[in-house]
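Participant: Structure provided below as structure tokens; questions to follow.
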Amino acid sequence: MQKILIRLYKIYLILLSLKFYRFLFYRKYSIWKNENIFKKALLKKKENIYKYSIVNFLGEDRLKKLINYSLKYIANLDIPKKRGTFIELRNGIINISPIGRNCSQEERDEFFRYNLKNNTIEKFRDNLSKEFEDFDLNFSMGGQISIDCFPKGWDKTFCLKHLENKFDEIYFFGDRTDKGGNDYELFCDKRVKGYKVKNPNDTVKILRENFL
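Heads up: the sequence shown begins at 1126 in my numbering, then just goes up one per residue.
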């Protein structure tokens, strides 16, 4: 019984310390206050305040032309593996992936290494930019395995007009921060403190070194 009580007490101390560090983090960076502001400003009645549709922007005819062209291009690619979900339609962007977003993490890493040597995604992106230059679209590197397609001006800096007056400081962590990547514009924005990272573990490391 005594051993059980000692073990429970140790667990209690661990939980207490975690709660204390969370308190320090919130106090130091005014996140406690900003969190409530953020909820009130952007999550009123759990509804989206702003929602833009790339489908409405393009129209069905141009959307079909873009999707059909992309699928034909992918079909002609000779790459080690292909899986599923080559085109993913989201509210504000179209995500295009040569290997397919259904790939496993191991397959994703394998394709990422393959692309570093062969520039498959970069060539695909440049081809799309040229083919659809009159569509007023941006084609950016999206993460490790895909291309993000979105209307010009709809990049990640779009969120700042809803956040810059709500928070004392805004931090951004991204991997595609070089020119042509989908993190580039937000990473370079003067209103943001940007950090270039390679993976989630890299992000955690920076958070621990700078904030905890």
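Each residue gets a CB set at the ideal place from its N, CA and C atoms; glycine is no exception.
1) Roughly how far, in whole angstroms, is the beta-carbon of residue 1252 from the beta-carbon of residue 1198, given that I think they are within contact range, below 8 Å?
2) What's the C-alpha gap between residue 1298 and residue 1282?
3) Need the endpoints of the beta strand (DSSP E) that residue 1264 sits in, please.
4) By DSSP, does residue 1101 sit in helix, in strand, or in coil?
5) Between residue 1318 and the rest of its own chain, which residues show a CB-CB distance below 8 Å, the 5 nearest in sequence each way excluded?
6) When you compare only the Cα positions, how much space is there between residue 1195 and residue 1204?
7) With a cut-off of 8 Å, do at least 3 Cβ pairs link the segment 1205–1213 to the segment 1224–1235?
8) Helix, strand or coil for residue 1177 per DSSP?
9) Within the present structure, is the beta-carbon of residue 1259 separated from the nearest heavy atom of the ligand HEM by less than 6 Å?
10) From 1337, 1224, 1185 and 1301, pick the residue whose C-alpha is nearest to that of residue 1322; which is it?
11) Does the Cβ of residue 1333 have 16 or more other Cβ atoms within 10 Å, making it buried, or fewer, making it exposed?
12) Could you please give the first and the last residue of the uninterrupted beta strand (DSSP E) stretch that includes residue 1272?
13) How about residue 1277 and residue 1261: are their beta carbons less than 7 Å apart?
14) Hey, out of 1329, 1336, 1313 and 1188, whose CA is closest to residue 1217's CA?
15) CB-CB under 7 Å to residue 1178, same chain, minus the five flanking residues each way: which ones, in chain order?
16) With 16 other CB atoms within 10 Å as the buried threshold, where does residue 1290 fall?
17) For residue 1240, count neighbouring Cβ atoms within 10 angstroms of its own Cβ and tell me buried if that reaches 16, exposed if not.
18) Should residue 1250 go down as buried or exposed, given a rule of 16 or more other Cβ atoms within 10 Å for buried?
19) Using the Cα positions of residue 1266 and residue 1335, report the straight-line distance between them to the nearest angstrom.
20) Evaluate residue 1273 with the Cβ neighbour count: other Cβ atoms within 10 Å of its Cβ, from every protein chain shown; 16 or more gives buried, anything less gives exposed.
21) Could you check what DSSP says for residue 1321 in three-state terms: helix, strand or coil?
22) What is the rounded straight-line gap between the Cα of residue 1306 and the Cα of residue 1258?
23) Taking only the alpha-carbon atoms, compute the straight-line gap between residue 1314 and residue 1303 and give it to the nearest angstrom.
Facilitator: By the coordinates alone:
1) On the sequence shown, residue 1252 is found 127 positions in, with the first residue counted as 1. On the sequence shown, residue 1198 is found 73 positions in, with the first residue counted as 1. That belief holds up - the Cβ atoms of residue 1252 and residue 1198 are roughly 7 Å apart, short of 8 Å.
2) Residue mapping note: residue 1298 aligns to position 173 of the sequence shown, counting from 1. Residue mapping note: residue 1282 aligns to position 157 of the sequence shown, counting from 1. Distance between the alpha carbons of residue 1298 and residue 1282: 13 Å.
3) The residue you call residue 1264 lines up with position 139 of the sequence shown. Note, residue 1264: beta strand (DSSP E), 1262–1267.
4) No statement about residue 1101 is possible, as the shown extent of the chain runs from 1126 to 1337 and does not include it.
5) Locating residue 1318 in the sequence shown gives position 193, where the first residue counts as 1. Once the five neighbours on either side are set aside, the close Cβ partners of residue 1318 are 1294, 1295, 1296 and 1297.
6) Indexing the sequence shown from 1 puts residue 1195 at position 70. Indexing the sequence shown from 1 puts residue 1204 at position 79. C-alpha separation (whole angstroms): 15 Å.
7) yes
8) Residue 1177 sits at position 52 when you count from the first residue of the sequence shown. Here residue 1177 sits in coil by DSSP.
9) Looking for the ligand HEM in the displayed structure turns up nothing, as the structure carries no ligands at all.
10) As a working note, residue 1322 is residue 197 in the sequence shown. Residue 1322 has its Cα closest to that of 1301, out of 1337, 1224, 1185 and 1301.
11) Sequence index remark: in the sequence shown, residue 1333 carries index 208 (1-based). Exposed.
12) The residue given as residue 1272 occupies position 147 in the sequence shown. First-last of the beta strand (DSSP E) with residue 1272: 1271–1276.
13) Position 152 of the sequence shown, counting from 1, holds the residue named residue 1277. Position 136 of the sequence shown, counting from 1, holds the residue named residue 1261. Result yes, Cβ atoms of residue 1277 and residue 1261 sit closer than 7 Å.
14) Start at 1 with the first residue of the sequence shown, and residue 1217 comes out as number 92. The shortest C-alpha separation from residue 1217 is found at 1188.
15) The count along the sequence shown starts at 1 and reaches residue 1178 at position 53. Answer for residue 1178: 1216, listed in chain order.
16) To locate residue 1290, count along the sequence shown from 1; it is residue 165. It is exposed - the Cβ of residue 1290 has fewer than 16 other Cβ atoms within 10 Å.
17) Residue numbering aside, residue 1240 sits at position 115 when the sequence shown is read from its first letter. So residue 1240 counts as buried.
18) As a first step, residue 1250 is located in the sequence shown; it is residue number 125 there, counting from the start. Burial call: buried.
19) Within the sequence shown, residue 1266 is the residue found at index 141, counting from 1. Within the sequence shown, residue 1335 is the residue found at index 210, counting from 1. In a straight line, the C-alpha of residue 1266 is about 28 Å away from that of residue 1335.
20) By 1-based counting over the sequence shown, the position of residue 1273 is 148. Per the 10 Å Cβ criterion, buried.
21) Reading the sequence shown from its first residue, position 196 is the one you call residue 1321. Three-state result, residue 1321: strand.
22) Residue numbering aside, residue 1306 sits at position 181 when the sequence shown is read from its first letter. Residue numbering aside, residue 1258 sits at position 133 when the sequence shown is read from its first letter. Distance between the alpha carbons of residue 1306 and residue 1258: 18 Å.
23) By 1-based counting over the sequence shown, the position of residue 1314 is 189. By 1-based counting over the sequence shown, the position of residue 1303 is 178. If you take the alpha carbons of residue 1314 and residue 1303, they lie about 13 Å apart.
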